[in-house]
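**Q** When we follow our numbering, the leftmost residue of the sequence shown carries the number 1, and every step to the right adds one.
Using N, Cα and C, we set each Cβ at its ideal position, and we do this for glycine too.
Bear in mind the structure is a predicted one, so any value in this text is a computation, not a measurement.
I am attaching a structure below and will ask some questions about it afterwards.
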Amino acid sequence: MRLFVGLDFPWETKQLLASLAGGIPGARWVPPENYHLTLRFIGEVPAHDAEEIHHALAALRARAFPLVLAGMGTFAKGGQATQLWVGVERNPLLEALRNKVEIALQRTGCEPERRRFTPHITLARLREPAAGKLVGFVQSHNLFRAGPMPVQHFFLFSSRLGKEASVYTPEVEYALH
Ligand code: 3AM
Numbered sequence: 001m002r003l004f005v006g007l008d009f010p011w012e013t014k015q016l017l018a019s020l021a022g023g024i025p026g027a028r029w030v031p032p033e034n035y036h037l038t039l040r041f042i043g044e045v046p047a048h049d050a051e052e053i054h055h056a057l058a059a060l061r062a063r064a065f066p067l068v069l070a071g072m073g074t075f076a077k078g079g080q081a082t083q084l085w086v087g088v089e090r091n092p093l094l095e096a097l098r099n100k101v102e103i104a105l106q107r108t109g110c111e112p113e114r115r116r117f118t119p120h121i122t123l124a125r126l127r128e129p130a131a132g133k134l135v136g137f138v139q140s141h142n143l144f145r146a147g148p149m150p151v152q153h154f155f156l157f158s159s160r161l162g163k164e165a166s167v168y169t170p171e172v173e174y175a176l177h
């Protein structure tokens with residue numbers, strides 16, 4: 001199965017984020033039920049490894065924290081924007097959680113994540129977006145803020161790739177303290 005570790009959000013937050021969507025030709029908007037914040041992408045693993053990963057995550061102890069969603073940004077590849085996202089305010093407890101997840105996963109044999117952690121919630125994937133519209137969209141929502149909202153759990157998600165949108169399912173919930 002294909003797995004990642006992340007945060008899920010209350011339906012009200014997802015609805016608020018969904019209200020931002022629209023107005024960029026060439027954008028594929030993420031369905032609101034799929035909004036999440038990836039702490040660590042794992043990828044395809046056999047069932048036995050998934051079990052081990054679950055035990056490592058269940059043994060992890062980390063603190064609950066308030067999270068503020070703030071601002072917008074894009075990821076780009078080869079000068080071409082590929083992903084539009086909502087960011088979060090700098091948050092040492094979120095980073096501490098992410099680091100603990102990383103250590104737990106490495107102990108189970110996962111390769112270290114080399115990419116910098118840029119916490120975000122993907123709103124849309126972009127294929128040749130209308131550049132002017134994208135810049136305008138990001139600028140007009142730059143002051144977007146939501147929260148603080150309490151983060152009291154993190155999740156092991158499964159991801160099934162679909163033709164239209166992938167289906168992300170929170171498989172296990174782990175409490176923060
Ligand atoms: O949280 P976002 O939407 O940025 O793009 C995938 C999604 O990112 C990403 O993991 C999240 C949950 O599926 N993802 C997919 N394949 C990946 C890979 N090979 C990947 N991240 C890193 N490496």
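Following a CB-centred definition, is Thr122 positioned closer than 7 Å to any heavy atom of the ligand 3AM?
**A** Yes.
**Q** Alpha carbon to alpha carbon, what distance is there between Arg28 and Gly162?
**A** Using only the alpha carbons, I get a separation of about 13 Å.
**Q** Cβ of Gly73 versus every heavy atom of the ligand 3AM: is any distance shorter than 7 Å?
**A** Every heavy atom of the ligand 3AM is 7 Å or more from the Cβ of Gly73, so no.
**Q** Could you round the C-beta distance between Thr38 and Phe4 to whole angstroms and report it? I think they count as a contact, below 8 Å.
**A** With 8 Å as the limit, Thr38 and Phe4 qualify as a contact, their Cβ atoms being about 5 Å apart.
**Q** Counting only the same chain and skipping the five closest in sequence on each side, list residues whose C-beta sits under 6 Å from that of Arg98.
**A** Correct list, in chain order: Leu39 and Phe117.
**Q** Taking buried to mean at least 16 other C-beta atoms within 10 Å of its own C-beta, is Pro46 buried or exposed?
**A** Looking at its Cβ environment, which holds fewer than 16 other Cβ atoms inside 10 Å, Pro46 is exposed.
**Q** Could you work out which residue in Glu111, Val30 and Ser158 is closest to Leu17 when comparing CA atoms only?
**A** Comparing Cα-Cα distances from Leu17 to each of Glu111, Val30 and Ser158, the minimum goes to Val30.
**Q** Does chain D have any CB closer than 8 Å to the CB of Val88?
**A** The structure shown contains no chain D; it holds only a single protein chain.
**Q** Compute the minimum distance between the beta carbon of Gln80 and the heavy atoms of the ligand 3AM, and state whether it is under 7 Å.
**A** Incorrect: Gln80 has no Cβ contact closer than 7 Å to the ligand 3AM.
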